[in-house]
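Take the sequence shown: its position 151, counted from the start at 1, is 151 in UniProt numbering, and no numbers get skipped.
Each residue gets a CB set at the ideal place from its N, CA and C atoms; glycine is no exception.
Fair warning: this is a prediction, and the values are worked out from it, not measured in the lab.
Reviewing the structure listed below.
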Amino acid sequence: MDRNIIRASREDPRRTSTDIQVVVTSPNEPVPSRRTIRRRLQAQGLHGRRPVKKPFISEKNRRSRVEWAKAHLSWGRQEWAKHVWSDESKFNLFGSDGNTWIRRPIGTRFDPKYQTPTVKHGGGSCMVWGCFSSQGMGPLRRIVGIMDRFQYEDILENTMRPWALQNVGRAYVFQQDNDPKHTSLHVRSWFQRRRVDLLEWPSQSPDLNPIEHMWEELERRLSGVRATNADQKFAQLEAAWMAIPKSVIDKLLDSMPRRCQAVIDSRGYATKY
Numbered sequence: 001m002d003r004n005i006i007r008a009s010r011e012d013p014r015r016t017s018t019d020i021q022v023v024v025t026s027p028n029e030p031v032p033s034r035r036t037i038r039r040r041l042q043a044q045g046l047h048g049r050r051p052v053k054k055p056f057i058s059e060k061n062r063r064s065r066v067e068w069a070k071a072h073l074s075w076g077r078q079e080w081a082k083h084v085w086s087d088e089s090k091f092n093l094f095g096s097d098g099n100t101w102i103r104r105p106i107g108t109r110f111d112p113k114y115q116t117p118t119v120k121h122g123g124g125s126c127m128v129w130g131c132f133s134s135q136g137m138g139p140l141r142r143i144v145g146i147m148d149r150f151q152y153e154d155i156l157e158n159t160m161r162p163w164a165l166q167n168v169g170r171a172y173v174f175q176q177d178n179d180p181k182h183t184s185l186h187v188r189s190w191f192q193r194r195r196v197d198l199l200e201w202p203s204q205s206p207d208l209n210p211i212e213h214m215w216e217e218l219e220r221r222l223s224g225v226r227a228t229n230a231d232q233k234f235a236q237l238e239a240a241w242m243a244i245p246k247s248v249i250d251k252l253l254d255s256m257p258r259r260c261q262a263v264i265d266s267r268g269y270a271t272k273y
């Protein structure tokens, strides 16, 4: 019975104790209680956990990810020296979008100490675009309204390009993901006119982009710091962004071989990065 319980859980990790109870029940043996099933699973190290959320990756994109990882596996800090990494991210004024848990006494639900403040009419977040290279942190640009191809072209022309020419040089290589506004004909035309080299990028690959961890670094630096409006939030973000030391950049670029190896080992599926 113990072996059947473990086997049922490993066959389908999403089975609950009730589901397993139905699977292992037979006419010739006593029915194990759900509590007994949970104890048996925990004894084998099979604890209930919230599954990590990762993007679905198609077979075609998995192959592309592995090919890209193999092509760049041996690249070091020298090969990445001319690359400019970019991305957009949203930061909430009052913390995370997800569910948060608190411990409070009975009858204190509406005590301000145990509340999560919100802002009406969508004023609770600040969207930004940022970039960096091996030379240092690039500019942080606030995104007003919905980011479209015209606003993105303005960011490239008036924010990214002047900084890249001054700090990286004319031979810089620009990295961006395959968001539709990034790959639109309008934006592609701008890259052609400005003769900007693009890093070929596999779809659904945030784990290969070190700027994702740069956003996490920025979030950590502002942990516990609140803002009353989006203007104040952007000022906090910009100050913390520019204060990120070059040692963080070097550490992220040094992680690229490990990221590539992780993609190869996972056969193109999402990795821990």
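Measure the alpha-carbon distance for residue i versus residue j and round it to whole angstroms.
i, j, result
"I57", "G107", "46 Å"
"Q42", "R35", "11 Å"
"R149", "R7", "51 Å"
"Q176", "S86", "6 Å"
"V119", "K246", "Note that V119 scores 47 on pLDDT, short of 50, meaning its location in the model is unreliable and no value can be drawn from it."
"R170", "E88", "24 Å"
"A227", "S184", "35 Å"
"P27", "G48", "28 Å"
"L2", "Q44", "Note on identity: in this sequence residue 2 is Asp, with Leu being the wrong assignment. So the alpha carbons of these two residues sit roughly 10 Å apart."
"residue 281", "R15", "Because the chain is modelled from 1 through 273, residue 281 falls outside the range shown and cannot be assessed."
"V225", "V22", "49 Å"
"D254", "I143", "30 Å"
"V173", "N167", "13 Å"
"E59", "P30", "44 Å"
"R50", "P162", "44 Å"
"A240", "R258", "27 Å"
"Q192", "F132", "22 Å"
"D250", "R62", "27 Å"
"I155", "P13", "45 Å"
"S74", "I244", "27 Å"
"A262", "Q78", "21 Å"
Excluding the five sequence neighbours on either side, which residues of its own chain have a C-beta within less than 8 Å of the C-beta of residue i, listed in chain order?
i, result
"V248", "M214 and E217"
"I5", "I20, V24, P32, I37, R40 and L41"
"G145", "Q151"
"E219", "F91"
"W147", "Strictly speaking, residue 147 in this sequence is Met, with Trp absent from that position. Same-chain partners within the cutoff: E88, M127, W129 and K181."
On the CB-based measure, 16 or more other CB atoms within 10 Å of its CB, does residue i come out buried or exposed?
i, result
"G268", "buried"
"H186", "exposed"
"P105", "exposed"
"E11", "exposed"
"V128", "buried"
"V66", "buried"
"G76", "exposed"
"S205", "buried"
"G122", "Bear in mind that the predicted position of G122 carries a pLDDT of just 46, short of 50, making it unreliable; the figure below should be weighed with that in mind. With fewer than 16 other Cβ atoms within 10 Å, it is exposed."
"P210", "buried"
"R270", "Per the sequence shown, residue 270 should be read as Ala rather than Arg. Buried, since its Cβ has 16 or more Cβ neighbours within 10 Å."
Apart from the five residues just before and just after residue i, which ones in its own chain have a Cβ nearer than 6 Å to its Cβ?
i, result
"L46", "S9"
"C126", "F91, A230, K233 and F234"
"S64", "P202"
Is residue i a contact residue of the ligand MN, with contact defined as CB to any heavy atom under 8 Å?
i, result
"R14", "For the ligand MN, the structure offers nothing, since it holds no ligand at all."
Just to confirm before moving on: does the CB-CB distance between residue i and residue j stay below 9 Å?
i, j, result
"F91", "K181", "no"
"E212", "Y273", "yes"
"G124", "L165", "no"
"W80", "S134", "yes"
"M242", "M137", "yes"
"H83", "C260", "no"
"E157", "R194", "yes"
"L198", "M256", "no"
"L252", "L237", "no"
What does residue i pair with, by DSSP beta-bridge criteria?
i, result
"G136", "S133"
"I211", "Answer is none; I211 lacks a bridge partner."
"K90", "M127"
"V173", "H83 and D197"
"I143", "M127"
Looking only at its own chain, which residues have a Cβ that is under 7 Å from the Cβ of residue i, when we skip the five neighbours before and after it?
i, result
"T18", "R34"
"E153", "H186, V187 and W190"
"N178", "W201 and S203"
"K70", "I264"
"S266", "none"
Taking 9 Å as the CB-CB cut-off, is residue i touching chain D?
i, result
"C126", "Annotation note: the requested chain D is absent from the structure, which comprises a single protein chain."
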